[in-house]
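**Student:** Got a structure for you, questions after.
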Amino acid sequence: MMSAALVEVLYLVAAVCFIIGLKRLGSPATAVNGNRLSGAGMLIAIVVTLVDRSIVSYTVIAAGLVVGSALGLWMAKAVRMTAMPQMVALLNGFGGASSLLVGGAEFLRSELTGQQLALDTSITIQLSLLIGAVTLTGSLVAYAKLQELLSGRPITFPGLQALNAALFLTIAGLSVYQVLTPDSILWPFYAVCALSLVLGVLLVIPIGGADMPVVISLLNSYSGIAAAMTGFVIRNDVLIISGALVGSSGIILSQIMCKAMNRSLTNVLFGAFGGGGGAAGTARSAEGLTVRQVTADDAAVQLAYARSVIVIPGYGLAVAQAQHLVRELADLIEKRGGEVRYAIHPVAGRMPGHMNVLLAEANVPYDKLFDMDAINGEFERADVALVIGANDVVNPAARTDPGSPIYGMPILNADHARSIIVLKRGMGSGFAGIENDLFYDPKTAMLFGDAKGSLTALVSEIKAVA
Ligand code: NAP
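Numbering (this note's numbering), first residue to last: 2 to 467.
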């Protein structure tokens, strides 16, 4: 056993690691270090808790650590970058399950030993059960949708919202009954757990697969709140602090994503939008307009003589896994004296930071990545805006067409560049399912094909330019 003061000091150290780590995650240059610092904080918190509480035998603790760490390491190494959102969803689900199990175990322990729980503990147990269970099944549904085990389309039926409201009120009523009843009765406890598990499923099925990243970020926030509640139940300060940090950062991230997509959180949760790329809103047709196609050798000449190129990566780049070729192309342009910068839209791709992670994989230097606000004024001076697998984030309809579902969403000013080259497979729409006038702009040249193939051709052609 450690002295109580030492435990508190070590918990404080862990909490400081979390806070500084989280702050450092805010920039690609410090993110790796921030992640390690937070991990170190978590290790301190776990070890101190296990040693302090003498909860179970050291053999069991060691076995748990080895099995858990090995599984975590394997998952982190095996997961493809494009499958990261579903892995995060699964891990959130585990967080919810832990809160549910700890809250449930505390409740059952008190019931079986006849111990009277304090009112605040009883209330936080009920909250742990509700939020933990909703997080668990909601995250599993999010995982299944992203992994395509379930349809990515919104699954909904008349009266679903009313059913959800009725379920929530029933759970709330049962929880209050359980807290206020002095007798040892267990059925409300089991009913709260079961109904909350059902509620988690029903809350997430009506949300389209492509909106899942926002939902996952929100569920991440729930798992934090559930952990904080559990922290109150077992009176563990570091759990309260870390849960509160996860809860608040998750909700802030959800808000940032919604703002960048020009959607409200209510619209994401209840709007049944974007069922895996289907058309939405008042998509305008581009009938009568023509696109100008370009060959790889012509595009390569244009890039070879450009003084300033701004690359706009999007979801298609991640699909094609062509990040290393982008880097190679940029190196070749730079060798010829051109400047290459990357414009990163906050919701490019399908998860927060998707493009940053993708380009970091190809060792693109961080100082070449620019946020939307920092780069948008630079397009007017750029010779070429090279759009690779991006669509919605460069759609001028966001500025000009009040009827467009993306109207009001801030976009990258690719159309302000002197010329635009777009790499995509065909005239397919993006996540919002709408036409993009940029592709019909007389300044735009379309290089059709999978981004990997097109970039391979551009790299070899540019090498051939004298
Ligand atoms: P996007 O609008 O979804 O467009 C991607 C484009 O890539 C498609 O038009 C597709 O056209 C092309 N493409 C697909 N595979 C390709 C390949 N192998 N090679 C070349 N091109 C390929 O992507 P975005 O501009 O990155 O915008 C992201 C969208 O997702 C936004 O609407 C955003 O609101 C939404 N969203 C983002 C997040 C997030 O956290 N980042 C979360 C949820 C939703 P072709 O089929 O013609 O090739």
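Every residue gets a Cβ at the ideal spot worked out from N, C-alpha and C, and that includes glycine.
Computed from a predicted structure; not experimentally measured.
Kindly give me the distance between the Cβ atoms of residue 410 and residue 262, rounded to whole angstroms, as I take these residues to be in contact under 8 Å.
**Tutor:** 6 Å
**Student:** So residue 15 and residue 42 are in contact, right, with Cβ under 8 Å, and what is the actual spacing, rounded?
**Tutor:** 4 Å
**Student:** Taking 7 Å as the cut-off, is the beta-carbon of residue 452 closer than that to any non-hydrogen atom of the ligand NAP?
**Tutor:** yes
**Student:** May I ask you to check if the CB of residue 425 is nearer than 7 Å to at least one heavy atom of the ligand NAP?
**Tutor:** yes
**Student:** According to DSSP, which residues form a beta bridge with residue 343?
**Tutor:** 312 and 370
**Student:** Is the closest heavy atom of the ligand NAP to the C-beta of residue 81 under 7 Å?
**Tutor:** Outside the cutoff, so no.
**Student:** In chain order, what residues of the same chain lie with their CB nearer than 6 Å to the CB of residue 151, ignoring the 5 residues before and after it?
**Tutor:** 145
**Student:** Less than 8 Å between C-beta atoms, sequence neighbours within five positions excluded: which residues of the same chain meet that for residue 207?
**Tutor:** 155, 156, 157, 161, 271 and 273
**Student:** Is the stretch 81–91 close to the stretch 112–127, with three or more CB pairs under 8 Å?
**Tutor:** no
**Student:** With hydrogens ignored, establish whether the beta-carbon of residue 178 is closer than 7 Å to any heavy atom of the ligand NAP.
**Tutor:** No; taking the cut-off as 7 Å, the Cβ of residue 178 has no heavy atom of the ligand NAP nearer than that.
**Student:** If you follow the alpha helix (DSSP H) that residue 348 is in, where does it begin and where does it stop?
**Tutor:** Premise fails: residue 348 is in no alpha helix (DSSP H) and is neither H nor E.
**Student:** Consult DSSP for residue 294 and reduce its assignment to one of helix, strand or coil.
**Tutor:** strand
**Student:** When we look at the beta-carbon of residue 64 and count the other beta-carbons within 10 Å, is it buried (16 or more) or exposed?
**Tutor:** exposed
**Student:** If you draw a straight line from the alpha carbon of residue 315 to that of residue 129, how long is it in whole angstroms?
**Tutor:** 39 Å
**Student:** First and last residue of the beta strand (DSSP E) that includes residue 230?
**Tutor:** For residue 230, there is no enclosing beta strand (DSSP E); the enclosing alpha helix (DSSP H) covers residues 213–234.
**Student:** Looking only at its own chain, which residues have a Cβ that is under 8 Å from the Cβ of residue 280, when we skip the five neighbours before and after it?
**Tutor:** Residue placement at residue 280 is flagged as unreliable, the pLDDT there being 38, under the threshold of 50; a coordinate-derived value is accordingly withheld.
**Student:** Just tell me which of 172, 312 and 186 has its CA closest to the CA of residue 132.
**Tutor:** 172
**Student:** If we ignore side chains and look at the alpha-carbon of each, how far apart do residue 319 and residue 3 end up?
**Tutor:** Residue 319 and residue 3: Cα-Cα distance of roughly 49 Å.
**Student:** Please classify residue 393 as buried or exposed, where buried requires at least 16 neighbouring CB atoms within 10 angstroms.
**Tutor:** By the Cβ neighbour-count rule, residue 393 is buried, with 16 or more other Cβ atoms within 10 Å of its own.
**Student:** Nearest to residue 175 by alpha carbon, out of 244, 195 and 331?
**Tutor:** 195
**Student:** Check whether the Cβ of residue 271 lies closer than 7 Å to any heavy atom of the ligand NAP, and answer yes or no.
**Tutor:** no
**Student:** Please name the residue or residues paired with residue 386 in a DSSP beta bridge.
**Tutor:** DSSP output for residue 386 lists 311 and 421 as bridge partner(s).
**Student:** Out of 442, 424, 326 and 205, state which residue places its alpha-carbon closest to the alpha-carbon of residue 141.
**Tutor:** 205
**Student:** In whole angstroms, give me the CA-to-CA distance for residue 389 and residue 137.
**Tutor:** 36 Å
**Student:** Can you tell me whether residue 355 sits near the ligand NAP, meaning its C-beta is under 7 Å from at least one heavy atom of the ligand?
**Tutor:** yes
**Student:** Residues in its own chain within less than 6 Å of residue 359 by CB, not counting five upstream and five downstream?
**Tutor:** Closer than 6 Å at Cβ, skipping near neighbours: 319 and 324.
**Student:** Count the other CB atoms within 10 Å of the CB of residue 283; is the residue buried (16 or more) or exposed (fewer)?
**Tutor:** Residue placement at residue 283 is flagged as unreliable, the pLDDT there being 42, under the threshold of 50; the coordinate-derived value follows with that caveat. Counting Cβ neighbours within 10 Å, residue 283 comes out exposed, since fewer than 16 surround it.
**Student:** Contact defined as beta carbons within less than 8 Å: I believe residue 396 pairs with residue 439. What is the distance between those atoms, to the nearest angstrom?
**Tutor:** 6 Å
**Student:** Measure how close the beta-carbons of residue 348 and residue 310 come, nearest whole angstrom, since I'm counting them as under 8 Å.
**Tutor:** That pair is no contact at about 23 Å.
**Student:** If contacts are defined as beta-carbon pairs under 8 Å, then residue 104 and residue 234 qualify, I think. What distance do you get, rounded to the angstrom?
**Tutor:** The Cβ separation is near 6 Å, so the contact holds.
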